[in-house]
Each structure stands twice: as C-alpha cells, then as structure tokens.
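Using our numbering, read the sequence shown as starting at 13 and increasing by one per residue. Glycine residues also receive a C-beta, built at the ideal position from the N, C-alpha and C atoms. Quick caveat: nothing in here was measured; it's all calculated off a predicted structure. Scroll down for the structure; my scribbles are underneath it.
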Amino acid sequence: QCHASTPHKGRNSLVAAARLILALEGLRADFPASDPLFSPPRSTFEPTKMEANVPNVNTIPGKDVFYLDCRILPNYSTDEVFDACERIARQVEEITETSVTLEKSYRQEAPDPTPPDAPVVRALASAVGRVTGREARPMGIGGGTVAAFFRRAGFPAAVWSTVSDTARSSPVFSWRKRQADLDLCCMRGWDNTHDAIRGSHLRGDPVNRPEGPQIRRVLSGGPPAGSWI
C-alpha cells in the first residue's frame with residue numbers, strides 16, 4: 013500500500029485483482045461441458061462481491077478481496093475447479109509480482125441428480141399439469157433446493173415451485189397493470205388504496221369483496237411467472 017503519487021513504492025492490489033478476475037474467465041474454456049437438462053446448460057463462473065479496500069481516493073491499495081461464484085455441472089468436482097483457480101492465480105502472481113491467496117468461502121458437492129424419467133418426476137409432472145394446466149419438464153438449476161438432502165441420502169427427489177424468476181435481481185420491477193387494477197378495485201369499495209390495504213391487514217383476511225384476493229396477490233409481489241421441477 014502506498015500513496016497514489018508514488019506508485020513505484022508499492023504494488024497495486026486492485027490492478028492485480030482486476031487481472032485475476034479477467035484471467036478466471038478462462039475457467040469457461042477449462043470446463044466446457046454442456047448438459048441440456050440444466051438451465052443454463054453450462055457451468056458458470058462469475059465474480060460477485062468485492063470487499064472495500066482503502067477509504068480514500070489517493071491511496072493505492074495493498075490488499076483486495078473478491079469472490080468468485082462457481083455453479084458447476086455434476087460431472088465436474090469442486091476440487092478440479094479449485095485446482096484450476098490455483099493455477100491461474102499463480103500465473104497472475106508472477107505477472108503482477110503480488111501474492112494471491114485462495115480460500116473456499118462456501119463449498120458443496122452436488123449429490124447424484126435424479127433421473128429425468130424417475131417415477132417421482134413423472135408423478136410430479138402429472139400433478140402439476142392437472143392442477144395448473146401447465147406442462148412441467150424436468151430440469152436442473154444452479155442453486156440448492158430441499159431435494160438435495162433427499163438425493164444425498166439416496167432417494168430420487170424432485171421439487172416444483174411457482175416464482176417470479178427474479179432471484180437476486182434488482183427489486184425495481186412492478187406490476188403496473190395489477191397495480192392499476194388494485195387502485196380501481198379500491199376506489200369502488202374504499203375511500204382510497206391506503207385504507208383498502210390497511211383494512212385488509214387489520215382484519216387479517218382478504219377484503220370482503222371479489223377483489224380481495226387480488227389485493228393480497230399484489231401485496232405479496234405480483235403474479236407467478238414460471239414453474240419447473
């Protein structure tokens with residue numbers, strides 16, 4: 013760490029971190045396998061969080077910490093990926109004349125996947141079709157569900173959910189038409205939207221009108237957007 017006016021007196025850890033982040037893009041070429049069962053169909057390697065380094069703008073940082081999120085297809089092991097990261101880190105060390113330390117912030121090996129034609133998958137897909145009228149298809153995601161605990165114990169398992177498909181996205185989305193419908197419904201039976209929402213909450217049940225359930229759905233975040241197993 014040193015003053016920005018004397019860069020020859022130190023090593024810029026931010027530059028080294030930037031070089032390492034770009035070099036780690038090579039992991040995509042190192043682990044190119046694709047499986048159409050998963051969405052996305054390939055392993056992903058994405059830099060995410062970066063911790064604060066120095067508090068002022070005229071200091072060259074001497075330490076930087078960032079995180080790389082790796083979602084790996086089951087045919088690769090986490091050890092393989094970590095070894096590849098180590099190899100890339102040593103190369104960046106040599107180029108930047110810095111020291112790079114890798115730590116495993118969180119690690120979880122995926123249990124064996126449930127076969128797409130397993131009885132539980134077929135039964136769940138049939139139930140989803142009868143209840144929702146939608147055609148469910150088996151797929152894997154780059155995230156954890158409760159099914160992993162059963163699969164790790166040796167039981168084929170499948171899960172299904174109806175969600176807005178906005179995981180970790182910026183919470184700046186709105187349901188404009190639904191909100192307009194809500195305002196119209198409230199104007200019919202209440203003095204204003206605020207009273208309608210307040211009344212619904214105080215009573216602990218949907219507003220005693222056909223529009224009540226709609227108000228509840230809007231308050232809880234909008235309509236479902238998709239489903240999977």
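- Counting other Cβ atoms within 10 Å of its Cβ, Ser111 stays below 16 and is therefore classed as exposed.
- By the Cβ criterion, the segment 51 to 60 is in contact with the segment 142 to 161, since at least three pairs of Cβ atoms, one from each stretch, lie closer than 8 Å.
- Contact between Ala122 and Leu39 is absent: CB atoms are separated by about 17 Å, not below the 8 Å threshold.
- Only exposed fits Ile107, as fewer than 16 other CB atoms lie within 10 angstroms of its CB.
- From the listed residues Phe161, Val158 and Thr90, the smallest Cα separation to Tyr118 is found for Thr90.
- Classified as buried, Phe43 has 16 or more neighbouring CB atoms from the shown chains inside 10 Å of its CB.
- Residue pairing for Leu80: DSSP places it in a beta bridge opposite Pro59.
- With the rule of 3 Cβ pairs closer than 8 Å, the segment 54 to 70 does not count as touching the segment 128 to 142.
- Contact between Asp76 and Ser25 holds: CB atoms are separated by about 4 Å, below the 8 Å threshold.
- The alpha-carbon of Lys21 is positioned some 13 Å away from that of Glu109.
- The residue from Arg23, Glu98 and Ser46 with its alpha-carbon nearest to that of Pro86 is Ser46.
- Here Cys14 is bridged, per DSSP, to Ile72.
- Its Cα nearest to that of Phe167, the residue Pro127 stands out among Phe78, Arg149 and Pro127.
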